[in-house]
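Data block below; observations after.
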Amino acid sequence: IHLLKVPERDEISSRKLFDVTEGRMVWQNEGDYLCVHMVKLQTKKKSYVLMFFRVRDPGVPVEQIELSEPVLHVSWEPAGDRLVIL
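Residue numbers (the working numbering): 135 to 220.
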């Protein structure tokens, strides 16, 4: 995953991922946060990974959560920093 600043094309964050079979990105409405949820397949075992990028913070910190149950949907609240994971 590479986050670039447009139009300068400066890379503001980068993360290497392995064994990912599926992924989706969900932006918060105000653009402060990005959630990337992925399905990882390692030796016939599926895991579900959520990565949260705090885009406006210096250095773009990233938090990661790994779940054993499927993630069906991720949605941010209209204005704020809370989200729902189904």
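We treat Cβ as the ideally placed atom computed from N, Cα and C, and that holds for glycine.
- Taking 8 Å as the cut-off, the Cβ atoms of residue 217 and residue 205 do not count as close.
- Boundaries of the beta strand (DSSP E) around residue 144: 144-148.
- A straight-line Cα-Cα distance of about 22 Å links residue 199 and residue 164.
- At the C-beta level, residue 179 and residue 154 stay beyond 8 Å of one another.
- When the beta-carbon positions are compared, residue 169 and residue 186 come within less than 8 Å of each other.
- Counting only the Cα atoms, residue 144 lies some 8 Å from residue 137.
- Per the C-alpha coordinates, the member of 188, 147, 149, 172 positioned closest to residue 219 is 172.
- With respect to the C-alpha of residue 156, the residue from 214, 181, 212 having the closest C-alpha is 181.
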